[in-house]
Amino acid sequence: MAESARLICGSAALADGGDGVRFELERERGAVVPAFVVRAGGVVRAFVNRCAHVPVELDWMPGRFLGVDRRLIICATHGALYDPATGRCVAGPCEGASLEALEVFERDGGVYLRLPLP
Numbered sequence: 001m002a003e004s005a006r007l008i009c010g011s012a013a014l015a016d017g018g019d020g021v022r023f024e025l026e027r028e029r030g031a032v033v034p035a036f037v038v039r040a041g042g043v044v045r046a047f048v049n050r051c052a053h054v055p056v057e058l059d060w061m062p063g064r065f066l067g068v069d070r071r072l073i074i075c076a077t078h079g080a081l082y083d084p085a086t087g088r089c090v091a092g093p094c095e096g097a098s099l100e101a102l103e104v105f106e107r108d109g110g111v112y113l114r115l116p117l118p
């Protein structure tokens, strides 16, 4: 299958353990869902911005996805904690469930979302 990529942000916009960058993801039939990218352990990771417990956005302020220790993604509504390396809930009401991961990569100073062509 052929693939294309979409620029999300510049690499410099994502500090390790820092704020994330929100973006919109287009789905089938024109549906648009919120998504985000963060840098954790030196690697960029992206997820659909939806708690695995109840479908609400995770960030407590735009781009603020990490808890006070800056190690785990936290749901501002329910307090569920997610491992940013995997998206798996490690504590909270949806423990064991996972965020929907998106494939991203860095190249030439940019962070890109990998998109399959229809």
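Numbering (full-length UniProt numbering), first residue to last: 1 to 118.
By construction, the Cβ of each residue, glycine as well, lies at the ideal position given by its N, Cα and C atoms.
This structure is a prediction, so every number in the text was calculated from the model and none was measured.
- At a Cβ-Cβ threshold of 8 angstroms, phenylalanine 23 and alanine 5 do not count as neighbours.
- In this structure, the alpha-carbon of isoleucine 73 lies about 5 angstroms from that of tyrosine 82.
- Taking a cut-off of 8 angstroms for Cβ pairs, the stretch 101–116 and the stretch 61–69 do not touch, as fewer than three such pairs fall below it.
- Of the other Cβ atoms in all chains shown, 16 or more fall within 10 Å of the Cβ of leucine 14; this residue is therefore buried.
- One thing to note: glutamate 100 has its Cβ within 8 angstroms of the Cβ of valine 48.
- With a beta-carbon spacing of about 3 angstroms, tryptophan 60 and alanine 76 fall inside the 8 angstroms limit used to define contacts.
- The Cβ atoms of serine 98 and alanine 40 do not sit closer than 8 angstroms to each other.
- Counting only unbroken stretches of 3 or more residues, the beta strand (DSSP E) elements lying wholly within the stretch 1–48 are 3–10, 21–26, 32–40 and 43–48, in sequence order.
- Pairing glycine 18 with glycine 109 gives a Cβ-Cβ distance that is not under 8 angstroms.
- With a cutoff of 8 angstroms on beta-carbon distance, valine 21 and glycine 63 are scored as near each other.
- For valine 111, the enclosing beta strand (DSSP E) covers residues 110–116.
- DSSP links alanine 101 through a beta bridge to Phe47.
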